[in-house]
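Adding 1185 to a residue's 1-based position in the sequence shown gives its number in the working numbering. Even for Gly, the Cβ is constructed at its ideal location relative to N, Cα and C.
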Amino acid sequence: MIDEPGPWGTGPFTLVQGASSITTRPAIMSAAPFRASSIIESEQRDPQVVLEANRDHWNRAARGPRIERAVFRNDLTPDEALRLVCDTEGEVDIVTEVSPADAQRVLDSAHARLVVSDANRVLVGILNRGSDAPLHDVEVRRALNRAIDREAVVDRGLNGYASVIPAMTPPWCSGFPAGVQPYELDAARAREAFAQAGWPPRRPLRIATPESFAAIAHILAAGIRSALDLMVEVVVVPPDQLPAGSRALIEKKLDLPWDVLLHPWFDLSSEAPPAAVHREFFGLDGAFRAGPPDDGFDALFDEMKVQLDGEALVEVAERIDAYVHDQALALFICAPQALYAVNEHVTFSPYKTTFELAEVTVDEQHWSVSGGRSDTGGGDLGDRTAIRPTSGKPTFSQASGNAC
């Protein structure tokens, strides 16, 4: 018997409390609170991925695990998983990457609650500084940033579940430069700068977006049309064309057919965001850089990457974010929050970086403890779990992988 009862569940996934059926193993010192009892060995996803408690974890008192088993389910659609966590017991305990469009459904649920967390992720517009439009001009880039209503994007595009950001570092991260403020909506100032830059006549601004951010792209386009009196085209890229478009951006061998590309990204660390975020968008070897290298950015990044002192590292990271803001190297939009649908009997505290289960617990009324379950379920309770984002709604699943 496990001496500390523990539950399992996550979206798609299920939590199972300790039981006498647990198989004991020889004591092995391990750094991980869980060991995988099944694992994906090919590009084809297994229907389920099962994690079993590592009872010999070196820091179990502080770090867990508190549950016997977690089952990640890849055999459910996003809608099925959300329905199971909201409307049933004993099927799905945690659903990750809930769309803001579905938040009210979770709030109205009798079985689940909505857990909202600030997260180290951003939604920005990559600016193609190599196009025939004058996006190499810093004043044009600043004008675009002053032509968008970020609050409207947050309120109407993400139902309020996001924070406006000045540049690429969310304000709760290490490396956020004090005193830097988001570009304010200033149509008059933006229009004046645009006129002086000489945007080509009858040349539309082309905004490309994956389907999941189409509504946000149209909000941005409407604001830019109004502020700059500029033609704006929104190109929604179908899912089957995303790989080819990504390859063109990463390889940098072909001309890109857009001026702005809406793109989400994430950071798995709070220590030095430029290493995982800024470098990808603006660095010499950045996968998402669109346009020529930026010598000013690369000089700052070269300074940061050799820092051994923690305080010095943070100080350079702050200067990098301030530089990116000043040069308006992207269309800065917001930092979306992470939303989870969690069974009401499960204790789950999200991290800003990764999806963690080590500290997850369940109370005495959880189905795995009480033996209760929904009549709509079926099969072994230990094989419940999982969830993935719904197509066509704002989501960060492809970027963060939190629903693996």
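| Item | Value |
| --- | --- |
| Just the C-alpha distance for I1409 and V1421, rounded to the nearest angstrom, thanks. | 17 Å |
| Report the residue ranges of all beta strand (DSSP E) runs contained in full by the segment 1423 to 1482; include only those spanning at least 3 residues, in chain order. | 1445 to 1451 |
| For K1490 and R1331, I'd like the C-alpha separation in whole angstroms. | 32 Å |
| For F1219, write down the residues that DSSP places opposite it in a beta bridge. | A1238 |
| Between which two residues does the beta strand (DSSP E) carrying P1521 extend? | 1515 to 1521 |
| Hey, which unbroken runs of the beta strand (DSSP E) at 3 residues or more fall wholly within the segment 1242 to 1304? | 1254 to 1258, 1297 to 1302 |
| Evaluate E1276 with the Cβ neighbour count: other Cβ atoms within 10 Å of its Cβ, from every protein chain shown; 16 or more gives buried, anything less gives exposed. | buried |
| Measuring straight from C-alpha to C-alpha, what distance separates H1551 and Y1346? | 29 Å |
| Reducing DSSP to helix, strand and coil, say where E1544 ends up. | coil |
| By alpha-carbon positions, which one of F1361, E1456, F1517 ends up nearest to D1494? | E1456 |
| Below 7 Å CB to CB, which residues in the same chain sit around S1454 once its five sequence neighbours on both sides are set aside? | A1461, T1538 |
| Check the DSSP bridge columns for L1312 and list the partner residues they point to. | V1445 |
| Does the Cβ of I1435 have 16 or more other Cβ atoms within 10 Å, making it buried, or fewer, making it exposed? | exposed |
| Between the Cα of P1250 and those of I1350, P1521, E1544, spot the shortest distance and give me the residue it belongs to. | E1544 |
| How far does the alpha helix (DSSP H) with R1326 in it reach, from first residue to last? | 1323 to 1331 |
| Skipping 5 residues on each side, what residues in its chain have a beta carbon closer than 8 Å to that of A1372? | R1331, A1332, S1411, A1412, L1413 |
| What's the call for W1443, buried or exposed, on a 16-neighbour Cβ count within 10 Å? | buried |
| Span of the beta strand (DSSP E) holding S1348? | 1347 to 1349 |
| Since P1535 contacts S1302 with CB under 8 Å, what's their CB separation in whole angstroms? | 4 Å |
| Assuming the contact rule is C-beta atoms closer than 8 Å, A1446 and A1399 should be a hit. Round their C-beta distance to whole Å, please. | Looking at the sequence itself, residue 1446 is Leu, so the reference to Ala does not match. Actually they do not touch by this definition, with Cβ atoms about 13 Å apart. |
| How big is the Cα-Cα spacing for M1214 and E1541? | Here M1214 scores only 46 on pLDDT, less than 50, and its place in the model should not be relied on; the value that follows carries that caveat. Computed Cα separation, rounded: 20 Å. |
| Examine the Cβ distances between the segment 1279 to 1298 and the segment 1474 to 1487 and report whether three or more of them are shorter than 8 Å. | no |
| Please report the residue range of the beta strand (DSSP E) in which L1164 lies. | Since the first residue shown for the chain is 1186 and the last is 1589, residue 1164 is missing from the structure and cannot be characterised. |
| Under 8 Å between the Cβ atoms of P1477 and G1342? | no |
| Can you grab the Cα-Cα spacing for the pair V1309 / A1402, in whole Å? | 11 Å |
| Are the Cβ atoms of R1326 and L1312 separated by less than 8 Å? | yes |
| Select from A1515, Y1525, H1242 the residue whose C-alpha is nearest the C-alpha of A1304. | Y1525 |
| In this structure, how does DSSP classify S1576 when only helix, strand and coil are distinguished? | Because the pLDDT of S1576 is 35, which lies under 50, any placement of that residue in the model is unreliable, and the number read from its coordinates should be weighed accordingly. It is coil, neither helix nor strand. |
| Considering Cα atoms alone, identify which of V1256, H1530, A1255, A1318 is closest to R1391. | A1318 |
| What runs of the beta strand (DSSP E), each 3 residues or longer, lie entirely inside the segment 1367 to 1422? | 1390 to 1395, 1417 to 1422 |
| Buried or exposed: which applies to A1406, given that a residue is buried once 16 or more other Cβ atoms fall within 10 Å of its Cβ? | buried |
| May I ask you to report which of helix, strand or coil DSSP gives L1493? | coil |
| Using only alpha-carbon positions, find the residue among V1547, A1523, A1475, F1533 that is nearest to L1593. | Outside the shown range of the chain (1186 to 1589) lies residue 1593, about which nothing can therefore be said. |
| Could you please give the first and the last residue of the uninterrupted alpha helix (DSSP H) stretch that includes W1357? | Element bounds for W1357: n/a, residue is neither H nor E. |
| Under three-state DSSP, which class holds Y1525? | strand |
| CA-CA distance, D1241 and I1252? | 13 Å |
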